[in-house]
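S.K.:
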Amino acid sequence: MSQPPPGSMGVPFVGEALKFLKDPFAFQLARTRQHGNVWKTRILGDTIVFFAGPKAFEFFMDEANFTRENGSPKFMQAILHADAVPFLDGDRHKKRKRLLLAAFTQDALASYLPGMTRIFERFANTWAAGGEQTIGGDLSQLGFDVADMLFAAADPDTSNTTTAGDFSTMIKGTFSPPVNLPFTAYGKAIKARDRLRVYIKDAVATKDGAGTALGYLKAARGPGGEQLTPQELEIELLHFYFAAHGGLTAAITWLLVVLGQHPDLAARLRAEADQVLGDGAPTLAQVKQLANARAVSREVLRAYPIAPTTFIGVAKKDLEWGGYAIRAGWKGAGAIWATLQDGTTFQDPTKFDDARLDDRNLGNLPHGAFVPQGGGPVDGHRCAGEALIQMAMPAFLGWFTKHYDLAFPAQDVTPAGQGLGPLPRSGVRVAITKRR
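If you read the sequence shown in our numbering, its first letter stands for residue 118, the second for the next number, and so on.
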């Protein structure tokens, strides 16, 4: 007879929520090493089964097994809105997701590169003029500015520091104990969310967004002529900001760490960029030719913590996996970080290997192995913005190595742990100079 998955349920009601929220990356990796690829815990009254490794991850992502409706905790739904696409399923999800993917077509991605490059250049020139300095705060602002340009059609030549601060507050509070009081991190996140909703509502009402994701989403039409209502657009833009701000900030940060720690690799990437790129903004066609930069970008997404888990689902029926019984109504999540660190898939997974995920090796991986933005089909619960980050990273890497040199003094680059896209403890200390 099948047994429940192994695990620890923690203290009554709270379970292991505090340990999970403190460092979701270390928590799930330690539990996976202790119990194996399927294990359970309790978080705020819910039994949650985590699925790590390619096969188990795919089992969770199968919509026949788990539904996302009413899966994620109420405090997470309150931050992003219960009607956001990560919390939908069935026909509503498919129709919404089809419209959202209009912002991530090849034509759309190509149109974003000039504005993104202007943002990269604005920050890089500031760093080059400042000598050795700590740039962690700037990197967070850079990630926000890209998201702001894409989703609110903001001017790429300026920074909105006030709204960026609200997003940082919201992200921090999302991974804090969900106590909604004025002085708690979560309470401050709710207030920041309210201000952000006003900001996004104004952008939707007053801007056409031509050449930005906002414009593509406004113009998106389904096969029956359906389109996003202003309210749906506002909900999804907040969700996209949330993912893009944290994801882009972390991705570009760890790219710079890799360049600083591996000068020989930086030289090879520079040689590739010198051969492929011109003096202006990279084009999408050029980015696709940056084979080494794309491989390095994938390995950064695998080797460094950006997203800890998928959103949470609910078992539709009694299930069995690997000899373990999962009851109907139990919750589940795909353990993204533990899957990317799976030693049966990736040899010596804690080591950074710039060739590990080149085009050939990537094609040989099993389904559910490389899942930094989740797994499953594109029109399912895989992150809609996956194509964006996988374009932005090699574009930045090629452009930066072509135009700048980086010195990286000894420092503690241990991830800080908490939340979405934790950054190095050092704050990223660099000395950047412009190439002549």
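Every residue gets a Cβ at the ideal spot worked out from N, C-alpha and C, and that includes glycine. From a predicted model like this one, the values you see are computed outputs, not experimental measurements.
What residue range is occupied by the uninterrupted alpha helix (DSSP H) comprising I453?
M.R.: Segment I453 to L457, the alpha helix (DSSP H) holding I453.
S.K.: Which partner residues of I549 appear in the DSSP bridge assignment?
M.R.: Its beta-bridge partners are L523.
S.K.: Which residues mark the beginning and the end of the alpha helix (DSSP H) in which T467 is found?
M.R.: Premise fails: T467 is in no alpha helix (DSSP H) and is neither H nor E.
S.K.: So I423 and A367 are in contact, right, with Cβ under 8 Å, and what is the actual spacing, rounded?
M.R.: Between A367 and I423 the Cβ distance is about 5 Å, and since that is below 8 Å, they are a contact.
S.K.: Check whether the Cβ atoms of T164 and K433 sit closer than 9 Å, and answer yes or no.
M.R.: Result no, Cβ atoms of T164 and K433 do not sit closer than 9 Å.
S.K.: Keeping to the same chain, check which residues put their C-beta closer than 6 Å to that of I352; ignore five residues upstream and five downstream.
M.R.: H198, D200 and A201.
S.K.: Going by DSSP, what residue range makes up the beta strand (DSSP E) through D391?
M.R.: Run containing D391: none in the beta strand (DSSP E); it sits in the alpha helix (DSSP H), P380 to V393.
S.K.: Run the CB neighbour count on D262, radius 10 Å, all protein chains shown included, and call it buried at 16 or more, exposed below.
M.R.: Under this definition D262 is a buried residue.
S.K.: Let's test the definition: count the other Cβ atoms within 10 Å of the Cβ of F300 and tell me whether it reaches 16, buried, or not, exposed.
M.R.: So F300 counts as exposed.
S.K.: With distances taken between CB atoms, is the gap from P541 to A533 smaller than 9 Å?
M.R.: Taking 9 Å as the Cβ cut-off, P541 and A533 qualify as a contacting pair.
S.K.: Across which residues does DSSP place V315 in a beta bridge pair?
M.R.: DSSP, once it has assigned bridges, lists no residue as partnering V315.
S.K.: Assign W447 to one of three DSSP states: helix, strand, or coil.
M.R.: DSSP places W447 in coil when its eight states are reduced to three.
S.K.: Leaving aside the five residues before and after M510 along the sequence, list all residues of the same chain whose C-beta is less than 6 Å from its C-beta, in chain order.
M.R.: Correct list, in chain order: A368 and S414.
S.K.: Starting from E175, trace the alpha helix (DSSP H) both ways and give me its first and last residue.
M.R.: P171 to M178 is the extent of the alpha helix (DSSP H) around E175.
S.K.: Starting from I236, follow the alpha helix (DSSP H) in both directions and report where the run begins and ends.
M.R.: Looking at the DSSP string, the run of the alpha helix (DSSP H) that includes I236 is Q223 to A245.
S.K.: Per DSSP, what are the beta-bridge partners of T184 in this structure?
M.R.: Paired residue(s): V431.
S.K.: Here's a check: name, in chain order, each residue in its chain whose Cβ is nearer than 6 Å to the Cβ of E249, leaving out the five neighbours to either side.
M.R.: Once the five neighbours on either side are set aside, the close Cβ partners of E249 are A548.
S.K.: Can you give the Cα-Cα distance for P141 and M126, rounded to whole angstroms?
M.R.: Their Cα atoms are separated by approximately 16 Å.
S.K.: Which of the three DSSP states is assigned to T278 in this structure?
M.R.: Here T278 sits in helix by DSSP.
S.K.: Tell me where the alpha helix (DSSP H) around D262 begins and ends.
M.R.: D262 -> alpha helix (DSSP H) spans G253 to A269.
S.K.: Since I believe A450 is in contact with T427 (beta carbons under 8 Å), could you give me their beta-carbon distance rounded to a whole number of angstroms?
M.R.: At roughly 5 Å, the Cβ-Cβ gap stays under 8 Å, so T427 and A450 are in contact.
S.K.: Grouping DSSP H, G and I as helix and E and B as strand, with all else coil, what is Q528?
M.R.: It is coil, neither helix nor strand.
S.K.: Could you have a look at T158 and say whether DSSP puts it in helix, strand or coil?
M.R.: Of the three classes helix, strand and coil, the one that applies to T158 here is strand, per DSSP.
S.K.: Determine, using beta-carbon pairs with one atom in the region 227-247 and one in the region 310-329, whether at least three such pairs fall under 8 Å.
M.R.: Segments in contact, yes.
S.K.: Applying the 10 Å Cβ sphere with the 16-neighbour rule, what's the burial state of D265?
M.R.: Buried, since its Cβ has 16 or more Cβ neighbours within 10 Å.
S.K.: In the DSSP assignment, find the unbroken alpha helix (DSSP H) run with V417 in it and report its ends.
M.R.: Per DSSP, V417 belongs to the alpha helix (DSSP H) from A408 to A420.
S.K.: Do three or more CB pairs link the region 495-504 to the region 374-382 at distances below 8 Å?
M.R.: No, because fewer than three Cβ pairs between the region 495-504 and the region 374-382 fall closer than 8 Å, the two stretches do not touch.
S.K.: Who pairs with L436 in a beta bridge, going by DSSP?
M.R.: DSSP, once it has assigned bridges, lists I443 as partnering L436.
S.K.: Drop a sphere of 10 angstroms on the beta-carbon of V375, count the other beta-carbons inside from all chains shown, and report buried for 16 or more, exposed for fewer.
M.R.: So V375 counts as buried.
S.K.: Would you verify that the beta carbon of D140 is, or is not, closer than 9 Å to some beta carbon of chain C?
M.R.: Here chain C cannot be found, since the structure has a single protein chain.
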